[in-house]
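Numbering (our numbering), first residue to last: 198 to 389. What follows is a short report on a single structure.
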């Protein structure tokens with residue numbers, strides 16, 4: 198973990214191209230030999246950083262967003278996911294990942310499999326609970342509904358934040374999460 202934090206500091210301060218293994222070792226307070234024993238090269242430590250460091254959701258977030266009411270749980274989880282994805286640190290790591298995707302062809306697939314899939318599954322479980330409660334929605338639509346919820350929630354916020362706009366407030370995220378739920382699960386007697 199110390200090495201990954203050191204790599205994150207080096208990459209964010211200097212950029213991927215300018216950061217060196219020597220600088221990462223120095224920030225970590227370790228020798229280059231120790232660093233090379235753990236990671237054979239800069240590409241390897243970068244891929245590990247992007248796909249393993251602080252993967253969402255952690256156990257604390259899971260506990261804080263669990264609720265007996267499926268709709269409340271889904272709302273809490275959508276808010277937590279958006280706050281994580283739009284956080285300054287995650288935006289910076291996403292920018293770094295995008296900048297190196299062409300150079301490290303396995304990185305996007307690894308990021309998708311280890312990071313994005315975990316976030317999707319986190320929302321999927323709550324969506325499945327709410328879908329099971331709805332008489333009008335077949336459970337086989339749960340995966341599609343999860344995608345709709347995440348897309349409506351993040352909308353253009355993610356792209357704008359990647360381009361430098363301020364992230365939305367917690368209140369804005371909460372309102373949008375509720376709108377996403379109403380879009381995917383309209384009240385009975387209404388159409389989406």
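For every residue, glycine included, the Cβ atom is placed at its ideal position computed from N, Cα and C. Bear in mind that the values here come from a model prediction, so they are computed numbers and not experimental data.
Next item on the list: Starting from the N-terminal side, write out each stretch of the alpha helix (DSSP H) that is 4 residues or longer and does not extend beyond the stretch 285-373.
Entry: 285-297, 303-308, 314-330, 339-351 and 354-359
Next item on the list: Could you name the residues of the same chain whose beta carbon sits closer than 7 Å to that of residue 389, not counting the 5 residues immediately before and after it, in chain order?
Entry: A caution first: residue 389 carries a pLDDT of 49, below 50, which makes its placement in the model too unreliable to give a value.
Item checked: Rounded straight-line distance, which links the Cα of residue 297 to that of residue 185 -> For the chain, the structure presents residues 198 to 389; residue 185 sits outside this window and is missing.
Next item on the list: Give a yes or no on whether the C-beta atoms belonging to residue 277 and residue 262 are separated by under 7 Å.
Entry: Cβ atoms of residue 277 and residue 262: closer than 7 Å.
Notebook entry, point to check: Rounded to the nearest angstrom, how far is the Cβ of residue 373 from that of residue 320, given a contact under 8 Å?
Noted result: The Cβ separation is near 14 Å, so there is no contact.
Check: When you compare each of 301, 302, 247 and 268 to residue 288 by their alpha carbons, which one comes out closest?
Finding: 247
Check: Cα separation between residue 370 and residue 269?
Finding: 14 Å
Note to self: Could you check whether residue 203 and residue 221 sit closer than 7 Å to each other, using their CB atoms as the reference points?
What the structure shows: yes
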